[in-house]
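See below for the structure under consideration.
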Amino acid sequence: VTRLHFFLHDILSGKNPSAVKVAGS
Amino acid sequence: PFGSVYAIDDLLKAGPEPDSKTIGNAQGLYLSSSQDYSKFTIVMCVDFGFTEGKLKGSSFSVFSRNPVTEADREVAVVGGRGKFRMARGFAKVKTSHFNATNGDAVLEYKNSKRVNLQFITMGSYVVNLFLNLTVLPVFLVQGQRRKKMVKATLVLLVISLVGVMQWAKSTNAESWASRLEAEKENVTNLQFYFHDILSGKNPTAIKVAQPSADNKSPTLFGSIMMADDPLTEGPDPSSKPVGRAQGIYGSAGQNELALIMAMNFAFTDGIYNGSCISLLGKNPAMNPVREMPIVGGTGLFRFARGYAVAQTYWLDVTTGDAIVGYNVTVVH
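Chains Z and F, in that order, are what the protein sequence lines are. Residues in the first sequence are numbered consecutively from 1, following the working numbering. Residues in the second sequence are numbered consecutively from 26, following the working numbering.
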């Protein structure tokens, strides 16, 4: 068993978003 | 927004602060999948890859529903590569920070994974051994304290163990569920070629989604393809067909050509006709050799877990057409 603890940074704003909408309204 | 698809290439960091140490990337797709507008629920097809320390080059795959608006949620880890090869597990997810205006979020992940779990869960004798190892020391300490007689303690232990085994078997029975003895596992190795044709009148993969026109990513970040690619025995397209690779792959890297692949390999040849394996993971397509997790299967490959090693045999850089050799090892 391996245990990990970390934080995911999901950035939709600004010039370099890390997540972009690719389909849908 | 039900039906929306997001491509992500999010940083994984050791802490919630934006300047904390980067330890990897989460690359893949979020699919907005709830029609209940009071809740925001997504389905994640995401590869969590690590770039630091002992886990550098290893990743695990999450394919799971994630009810984002709930405070504490759990998502399923279905496979992995590198140090997480054959992994199964789960992650506890908590929103650490959320900006309702722009949607930015920091999410806390606490993962637990068991690697090669089948060696513990398969076979009742192994389960009993596992129980014995956890129960034995308790009996031993109690026996010594009470009687100070090692011989008597050992006799008591044997009797107790038989009881424990019987109890373990009897408590498995429920009216709505049954537990069966596991059969012996097989290891199968498959070698075939994957033909991904984007050009011409009859492409086998077509683009079904992409970001808005003003997003000009050099890695085509966010483009999603639907594929129905032939699989053949040899690299020649006219060699014997052995199946089809059906599913989606999308560009999930902002700084590298990294495809998140959610594909089903359906075989049509010989005893494998009608059997399938499911692949979910990251394919850094420009690397000469890449590994991706096999996370399940049907037919002869029920319960399959394993890994696929892909090597590009031929690539037309102008059209993107490619022939890729796959060597797949599955335990099932």
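For glycine and all other residues, C-beta sits at the position ideal for the given N, C-alpha and C. Quick caveat, the model's predicted, so the values are computed rather than measured.
Worksheet item: Along chain Z, which residues have their Cβ under 8 Å away from the Cβ of proline 236 (chain F)?
Response: Val20, Lys21, Val22
Fill in: Minimum length 3: unbroken beta strand (DSSP E) runs contained in the stretch 275-303 of chain F
284-292
Practice prompt. Out of Z:Ile11, Z:Ser18, Z:Leu12, state which residue places its alpha-carbon closest to the alpha-carbon of asparagine 280 (chain F).
Written response: Z:Ser18
Worksheet item: Checking contacts by CB at 9 Å: is glycine 40 (chain F) closer than that to chain Z?
Response: Chain Z, which has a Cβ nearer than 9 Å to the Cβ of glycine 40 (chain F), makes this yes.
Fill in: Chain-order list of residues whose beta-carbon lies under 7 Å from that of histidine 122 (chain F) (same chain, five-residue window excluded)
Pro41, Ala130, Val131
Fill in: Where lysine 15 (chain Z) falls: helix, strand or coil (DSSP)
Reduced to three states, the DSSP call for lysine 15 (chain Z) is coil.
Worksheet entry | Terminal residues of the beta strand (DSSP E) in which tyrosine 338 (chain F) lies | From DSSP, the beta strand (DSSP E) with tyrosine 338 (chain F) extends over 330-340.
Worksheet item: Does the stretch 51-67 of chain F come within contact of the stretch 267-283 of chain F, defined as at least 3 CB pairs closer than 8 Å?
Response: yes
Practice prompt. Go to alanine 230 (chain F), then tell me how far its beta strand (DSSP E) extends in each direction, as first and last residue.
Written response: Per DSSP, the continuous beta strand (DSSP E) segment holding alanine 230 (chain F) begins and ends at 230-234.
Practice prompt. Measure the C-alpha to C-alpha separation of aspartate 44 (chain F) and valine 102 (chain F) and round it to an integer number of angstroms.
Written response: Going by the C-alpha atoms only, they are around 27 Å apart.
Practice prompt. May I ask you to list the residues that DSSP assigns as paired with histidine 6 (chain Z)?
Written response: Checking the sequence, you will find phenylalanine at residue 6 (chain Z) rather than histidine. In DSSP, phenylalanine 6 (chain Z) forms a bridge with F:Tyr134.
Worksheet item: Which of the residues in the stretch 119-130 of chain F, read from start to end, lie with their CB under 7 Å from any CB of chain Z?
Response: Under the 7 Å Cβ criterion, the stretch 119-130 of chain F contributes Ser121, Asn127, Gly128, Asp129, Ala130.
Discussion item. When you compare the CB of tyrosine 332 (chain F) with every CB in chain Z, is at least one pair closer than 9 Å?
Written reply: no
Discussion item. Assuming contact is defined by CB atoms lying nearer than 9 Å, are methionine 286 (chain F) and asparagine 308 (chain F) in contact in what I supplied?
Written reply: yes
Worksheet entry | Sub-9 Å separation of threonine 257 (chain F) and tyrosine 218 (chain F) beta-carbons | yes
Worksheet item: Per DSSP, what kind of secondary structure is lysine 307 (chain F) in: helix, strand or coil?
Response: strand
Item to complete: Within 10 angstroms of the Cβ of arginine 3 (chain Z), are there 16 or more other Cβ atoms? Answer buried if so, exposed if not.
Response: exposed
Worksheet item: Rounded C-beta distance between leucine 284 (chain F) and alanine 310 (chain F)? I'm assuming under 8 Å.
Response: 6 Å
Worksheet item: Using the beta-carbon count (16 or more within 10 Å), is aspartate 34 (chain F) buried or exposed?
Response: Classification of aspartate 34 (chain F): buried, given that the 10 Å Cβ count is 16 or more.
Practice prompt. For histidine 357 (chain F), write down the residues that DSSP places opposite it in a beta bridge.
Written response: The partner list for histidine 357 (chain F) (beta bridge, DSSP) is empty, contrary to what the question assumes.
Fill in: Alpha-carbon spacing of proline 26 (chain F) relative to alanine 32 (chain F), whole angstroms
15 Å
Worksheet item: Since valine 20 (chain Z) sits in a beta bridge, which residues does DSSP pair it with?
Response: F:Ala32
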